[in-house]
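Student: In the working numbering, the protein residues as written are 631 to 930. Can you read through this structure? Questions will come right after.
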């Protein structure tokens, strides 16, 4: 079954809610705005009411929801700090809590077109369609509106692919919700250091037994993507998290359609080389050509 990253699925937000509106920057509240409530005065500068109740079904994660997903309309989101800064998006640590429950989440916020320091190559988007002709023309002409549409497409693409991967058993963070250009997802913690983010695979030095386990996990994940007709397209030890014995793949907006993108096989080959080079350097002899052949066979 094929999936597409169509931003139209994520445009509508219920405007009848009395909670403060979502902003793309730091968590903010705007006192005495049209939807201001006296309860807003109880919030700190780094807090907002949970945006969950404002969202439509497709803007929420796959069901059944994991236990850590808090649906309570009275929940408060508190920004705790920065997990990662990037050229096109930043990731923040957010606590969503009620009086009786709390959960840590990772909030990935894509920058607007004029704030981004990096623009992904059209190599990744070849084969993807833009449903609305107005948007397609704006992107082609690189108008100010087109640049905003293009920026939003990356957030919507990552949301779509996170849902697809999760629903097919691929190890990615659970996608909690999308609101504008912010994706809230499962916070992947280091099991040995609660509250601390799991390290990237690149920074780990696993034992021989663990290295073998990591290899099989990654091959299984790459094979699962290939069976769905996709390659990660930018896979390396830097966008794989090692949560103890479990690996989790992150950063999916550039997922490549192996059938629709003429460079799909080339990008898949690069993924194989990057991953195999790391495992070989750690002492596990693996062959990127053989891995590529197995993944292409899985795609067929």
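Cβ atoms here follow ideal geometry from the backbone N, Cα and C, with glycine treated the same way. Quick caveat, the model's predicted, so the values are computed rather than measured.
How many angstroms separate the CA atom of residue 847 from the CA atom of residue 672?
Tutor: Counted from its first residue, the chain shown places residue 847 at position 217. Counted from its first residue, the chain shown places residue 672 at position 42. Distance between the alpha carbons of residue 847 and residue 672 is about 46 Å.
Student: Around the Cβ of residue 874, are there at least 16 other Cβ atoms within 10 angstroms (buried) or fewer (exposed)?
Tutor: Indexing the chain shown from 1 puts residue 874 at position 244. Looking at its Cβ environment, which holds fewer than 16 other Cβ atoms inside 10 Å, residue 874 is exposed.
Student: Using a Cβ-Cβ cutoff of less than 7 Å, which residues in the same chain neighbour residue 918 once the five nearest sequence positions on both sides are dropped?
Tutor: Stepping through the chain shown from its first residue, residue 918 is reached at position 288. 902, 903, 906, listed in sequence order.
Student: Quick one, which of 716, 803, 891, 842 has its alpha-carbon nearest residue 734's?
Tutor: Here residue 734 refers to the residue found at position 104 when the chain shown is read from its first residue. Per the Cα distances, 803.
Student: Is the Cβ-Cβ distance between residue 724 and residue 871 less than 9 Å?
Tutor: Position 94 of the chain shown, counted from the first residue, corresponds to residue 724. Position 241 of the chain shown, counted from the first residue, corresponds to residue 871. Not a contact, by the Cβ cut-off of 9 Å.
Student: Using a 10 Å radius around the Cβ and a threshold of 16 neighbouring Cβ atoms, would you call residue 812 buried or exposed?
Tutor: Stepping through the chain shown from its first residue, residue 812 is reached at position 182. It counts as buried.
Student: Can you confirm whether the region 827-845 touches the region 884-896 when touching is taken to mean that 3 or more C-beta pairs between the two stretches lie within less than 8 Å?
Tutor: no
Student: Return the CA-CA distance between residue 810 and residue 782, expressed in angstroms with no decimal places.
Tutor: Residue mapping note: residue 810 aligns to position 180 of the chain shown, counting from 1. Residue mapping note: residue 782 aligns to position 152 of the chain shown, counting from 1. If I take the Cα positions, the gap works out to 8 Å.
Student: Taking only the alpha-carbon atoms, compute the straight-line gap between residue 929 and residue 716 and give it to the nearest angstrom.
Tutor: Walking along the chain shown from the start, residue 929 turns up at place 299. Walking along the chain shown from the start, residue 716 turns up at place 86. Using only the alpha carbons, I get a separation of about 31 Å.
Student: Just verifying my parser: in three-state terms, what is the DSSP assignment at residue 684?
Tutor: Sequence index remark: in the chain shown, residue 684 carries index 54 (1-based). In this structure, residue 684 counts as helix in the three-state DSSP scheme.
Student: How many Å lie between residue 915 and residue 909 at the Cα?
Tutor: Locating residue 915 in the chain shown gives position 285, where the first residue counts as 1. Locating residue 909 in the chain shown gives position 279, where the first residue counts as 1. Between residue 915 and residue 909, the C-alpha separation is close to 7 Å.
Student: Please look up how many angstroms separate the CB atoms of residue 817 and residue 705, rounded, as I've assumed it's under 8 Å.
Tutor: Along the chain shown, one-based indexing puts residue 817 at 187. Along the chain shown, one-based indexing puts residue 705 at 75. Their Cβ separation, rounded to whole angstroms, is 15 Å, which puts residue 817 and residue 705 out of contact at 8 Å.
Student: Anyone know if the C-beta pair for residue 719 and residue 784 falls short of 9 Å?
Tutor: Indexing the chain shown from 1 puts residue 719 at position 89. Indexing the chain shown from 1 puts residue 784 at position 154. Contact: yes.
Student: Can residue 852 and residue 921 be called in contact, C-beta distance under 9 Å?
Tutor: By 1-based counting over the chain shown, the position of residue 852 is 222. By 1-based counting over the chain shown, the position of residue 921 is 291. Closer than 9 Å, so yes.
Student: Using DSSP's beta-bridge definition, name the partner residues of residue 723.
Tutor: Numbered from 1 along the chain shown, position 93 holds the residue referred to as residue 723. As a beta-bridge residue in DSSP terms, residue 723 pairs with 711, 736.
Student: Where are the alpha helix (DSSP H) runs, 4 residues long or more, that stay fully inside the region 776-808, in chain order?
Tutor: none
Student: For residue 826, count neighbouring C-beta atoms within 10 Å of its own C-beta (all shown protein chains included) and say buried if the count is 16 or more, exposed if not.
Tutor: Numbered from 1 along the chain shown, position 196 holds the residue referred to as residue 826. It is exposed - the Cβ of residue 826 has fewer than 16 other Cβ atoms within 10 Å.
Student: So residue 864 and residue 884 are in contact, right, with Cβ under 8 Å, and what is the actual spacing, rounded?
Tutor: Here residue 864 refers to the residue found at position 234 when the chain shown is read from its first residue. Here residue 884 refers to the residue found at position 254 when the chain shown is read from its first residue. Contact holds; Cβ gap of about 5 Å.
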